[in-house]
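*Asks:* Quick one: the structure is below, questions incoming.
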Amino acid sequence: MNAQEILSQIQQARQQRPLFLEKMKQRQKEGLKVAKQSADILKKQFSVTRVVLFGSLLNPETMSPHSDIDLAVWGLPETDLFRAGAMIERGHQFTIDLVEAEKVKPHILKAIHQGIEL
1 MNAQEILSQI
11 QQARQQRPLF
21 LEKMKQRQKE
31 GLKVAKQSAD
41 ILKKQFSVTR
51 VVLFGSLLNP
61 ETMSPHSDID
71 LAVWGLPETD
81 LFRAGAMIER
91 GHQFTIDLVE
101 AEKVKPHILK
111 AIHQGIEL
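The sequence shown: position 34 = 34 (full-length UniProt numbering), numbered continuously.
Have a look at this one:
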């Protein structure tokens with residue numbers, strides 16, 4: 001690939017960026033709706049005391065078309081983790097990562113503290 005081809009690809013990517021960001025904002029909106037619904041299910045059916053959304057879904061600039069929903073939970077019995085995860089992943093296009101906030105490593109806890117309580 002020569003320099004002209006590289007410059008052409010860079011220019012094309014810059015032109016497509018606004019459309020990409022618009023798509024990510026729409027995905028973010030859909031993801032927030034799913035995250036809130038998931039938080040409600042976790043609180044009502046599994047007695048979770050707190051749910052925080054964190055990760056790439058918070059910022060369309062850092063999202064990708066495959067961004068998942070990261071949820072930190074408090075008070076979820078370990079025996080219910082897989083059942084709760086399976087229940088909240090039904091009926092939409094998102095993968096949801098559930099983490100038990102009490103058991104995460106410090107760098108993940110830092111990201112959780114920057115999240116949104118649901």
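Even glycine gets a Cβ: it sits at the ideal position worked out from N, Cα and C.
In three-state DSSP terms, what is Leu118?
*Replies:* The sequence position of residue 118 within the sequence shown is 118, counting from 1. Coil at Leu118, not helix or strand.
*Asks:* Among Glu61, Ala35, Gln9, which one has its Cα closest to the Cα of Ala72?
*Replies:* As a working note, residue 72 is residue 72 in the sequence shown. It is Ala35 whose Cα lies nearest to the Cα of Ala72.
*Asks:* Sorted by chain position, which residues of the same chain lie with C-beta nearer than 8 angstroms to Lys105's C-beta, five sequence neighbours on each side aside?
*Replies:* Indexing the sequence shown from 1 puts residue 105 at position 105. Excluding sequence neighbours, Lys105 sits near nothing in its chain.
*Asks:* Hey, Glu117 and Val52: beta-carbon distance below 7 angstroms or not?
*Replies:* Sequence index remark: in the sequence shown, residue 117 carries index 117 (1-based). Sequence index remark: in the sequence shown, residue 52 carries index 52 (1-based). Cβ distance < 7 angstroms, so Glu117 and Val52 count as in contact.
*Asks:* Could you pull out every unbroken beta strand (DSSP E) segment of at least 3 residues lying fully inside the segment 60-105, listed in chain order?
*Replies:* Correct list: 69-74, 96-100.
*Asks:* Please list, in chain order, all residues of the same chain as Leu98 whose beta carbon is under 7 angstroms from its beta carbon, the five residues on each side excluded.
*Replies:* Counting from one through the sequence shown, the residue named residue 98 turns up at place 98. Taken in chain order, the residues that qualify are Leu71, Val73, Leu81, Ala84, Gly85.
*Asks:* Tell me, to the nearest whole angstrom, how far the beta carbon of Pro60 is from that of Gln28; I am working on the premise that it is less than 8 angstroms.
*Replies:* Counted from its first residue, the sequence shown places residue 60 at position 60. Counted from its first residue, the sequence shown places residue 28 at position 28. Right, the Cβ-Cβ distance comes to about 5 angstroms (below 8 angstroms), so this counts as a contact.
*Asks:* How should Lys31 be labelled, buried or exposed, when 16 other C-beta atoms within 10 angstroms of its C-beta is the threshold for buried?
*Replies:* For the purposes of this step, residue 31 is taken as the residue at position 31 of the sequence shown. Per the sequence shown, the amino acid found at residue 31 is Gly instead of Lys. By the 10 Å Cβ count, Gly31 comes out buried.
*Asks:* Whole-angstrom Cβ separation of Ile41 and Ile88, contact assumed at under 8 angstroms?
*Replies:* Residue mapping note: residue 41 aligns to position 41 of the sequence shown, counting from 1. Residue mapping note: residue 88 aligns to position 88 of the sequence shown, counting from 1. About 6 angstroms separates the two Cβ atoms, so the contact holds.
*Asks:* Tell me which residues share the same chain as Gly115 and place their Cβ nearer than 6 angstroms to its Cβ, disregarding the 5 neighbours each side in the sequence.
*Replies:* Position 115 of the sequence shown, counting from 1, holds the residue named residue 115. Counting only Cβ-Cβ distances below 6 angstroms, and skipping sequence neighbours, we find Val52, Leu53, Phe54.
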